[in-house]
Every structure is written in C-alpha cells, then in structure tokens.
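The structure appears right after this line, and notes come after that.
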Amino acid sequence: MWEFRLLFKVNSGPPNPIGYGWLLAEQHLSLKNEIMIEPYSGLYGGPYVPSTGGVHYCGLTSIGLLSYSYSPLPEPMKIGRYCSISSGLTFLDSYHPLNLVTTSIITFRGKSVLCRDFTNPEQVAKYGWDIHGGKPYPTLGHDVWIGRDCTLQMGIHLGTGSVVAANSMVTKDVPPFAIVGGNPAKVIRYRFDEETIAKLLESEWWSYHPKNLCEIGFDDIPRFLDEVARLKDDQTAKLNLPILRMNDRELVAEMP
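97 is the number of the first residue of the sequence shown in our numbering; add one for each residue after it.
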C-alpha cells in the first residue's frame, strides 16, 4: 500500500514491523463490500464505529486520487478525487421505524438485553425493518470539502466542488459548487457563477494528471479552463492510474 501512497497516518513513511499507521502488522481486515482505492489517498480515521446497532467497518472505503479523511468512514461510501474530509464526521445510520405502533427497539432488536425477555429475532424479523431506512451511505463527487464535526443523512450525494461548513447537519443532496451550512444545512452561496460552474464540470479537470494541472496553476480559472481544454488531445495527460481493488477474498492491484 505504501507503493501506492495509500496512507493511514498523515505524512507517514513506509511500514515498520509494528504496523502502518492505524493498521497493525498481520491485522486481518474483514471487508463486507468490494472497494476500489486510487493511489495518493489518505484514510487516517481508522475503523468505523456506527451509531448503536449499526454495522462496524474495517476503515477502508472506495476513495479517489488525492482525497483524504481524518474521520473514520463506512465501507459502502464512495468518494471522488481531490476530496478533503475533516475530523468528527458522523452519519445518521441508525433509524427507528415511524410506521409501527412504537418507535422502540423492541420492534427491531430482538437480541437486546432490554427486549429479549419479551420478543425474539424471529418475531422482530416479520417487521422487516432496515436500520439504515432503506438508504445507502452518502456519496461524494470530486473536490468536496467537509468541515469539522458534520453529520450526513443517509442516501444523499454531495456534488462536485461543494463545501459543507463545520458543525452542519446535511439532510439532502448538495448541488455542485454549493457552500452549505447550518442545521439543517442550506445553501449559503455558490463558489462561482453558473457559467463558470458549468465550464468546470464540463472540463472534468480531475481526470487529468495532477502534474499537468500543477503546471497550469489553479489561480486563474479562465486560463486553467483553456489549458485543460488543450489537454484533451494529449493522451499522456490523461490519468491512467493503478487501482487497488479489494474484497474479503483478495486484493488485486490493477495496473494501467
């Protein structure tokens, strides 16, 4: 993983006999989903501990080039490239039923010490309750920035270029390049005007090699867009990355 610059500690060096970041030597990682990881990414948060009654995950998730997270992330998430996730991110991943007589755990946690004298897993199963409310974990486009101590609703998508202000509760999709904040989070403003947003999305600049992008520079947007447009005919500028594909049975490095 070091060869791919997949980091588990900020600015960490190569693995040592003890381990690699939060990963211990010889530690077994149990994956419940297939994930895909691009190089030069950082998963600094460690294993994901859900809300009470939820599913625990090993700490790996699908993540793109030059994205990082200081927060533990659930495995089913999908994160694009150039994303920045601060610490304290949580998810509303433990729902109670609203359509039954009671919202109590007696309807969906038959093994709980509080409930098992009165009910059982078989009886609870007939209610068919999904603790995630039938919704997947959130997904992130590219170049998304999530500030500190935010909470995300299940089933939402944070659009490319969007920003979530610190301490926000996001309950619905965030449009591309929107800055949102509050509880519930609302659009504060957009980073750029509509025309610029459309051009940035159309350019798909995150699909080109970061070396080329750094040579262009990021401070002059019109020039940046013009130069990226010229890269479309340059096959050497297109990203052709190795990808780590993992599931609970194998780890495969897919080389370009």
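Glycine included, each C-beta is placed from N, C-alpha and C at the ideal position.
Taking the C-beta atoms as reference points, Glu134 is found nearer than 7 Å to Gly160.
Using a Cβ distance threshold of 7 Å, Ile252 and Lys268 count as a contacting pair.
In this chain, Val106 is not harboured by any beta strand (DSSP E), its DSSP state being neither H nor E. The alpha-carbon of Thr215 is positioned some 25 Å away from that of His152. DSSP places Ala281 within a strand segment (E or B) once states are collapsed to three. A straight line joining the alpha-carbon of Ser258 with that of Ile181 spans about 12 Å. One Cα belongs to Tyr140, the other to Val260, and the distance between them is close to 20 Å. Checking the DSSP bridge columns, you'll see Ser258 has no partner listed. Straight-line measurement puts the Cα of Asp344 at about 33 Å from the Cα of Ile202.
Residues of the same chain with a CB within less than 6 Å of the CB of Asn129, apart from the 5 flanking positions on each side, are Glu171, Pro172 in chain order. From the listed residues Leu125, Val324, Ile227, the smallest Cα separation to Leu188 is found for Ile227. Annotation for Ile312: the continuous alpha helix (DSSP H) segment containing it runs 306-312.
Across the structure, Phe288 and Gly142 are spaced so that their CA atoms are roughly 35 Å apart. Our two residues, Ser163 and His238, have alpha carbons roughly 9 Å apart in a direct line.
The secondary-structure analysis by DSSP pairs His152 with nothing; it has no beta-bridge partner. Gly255 places its beta carbon 7 Å or farther from that of Pro280. If you check the CB distance, Ala262 and Gly243 come in under 7 Å.
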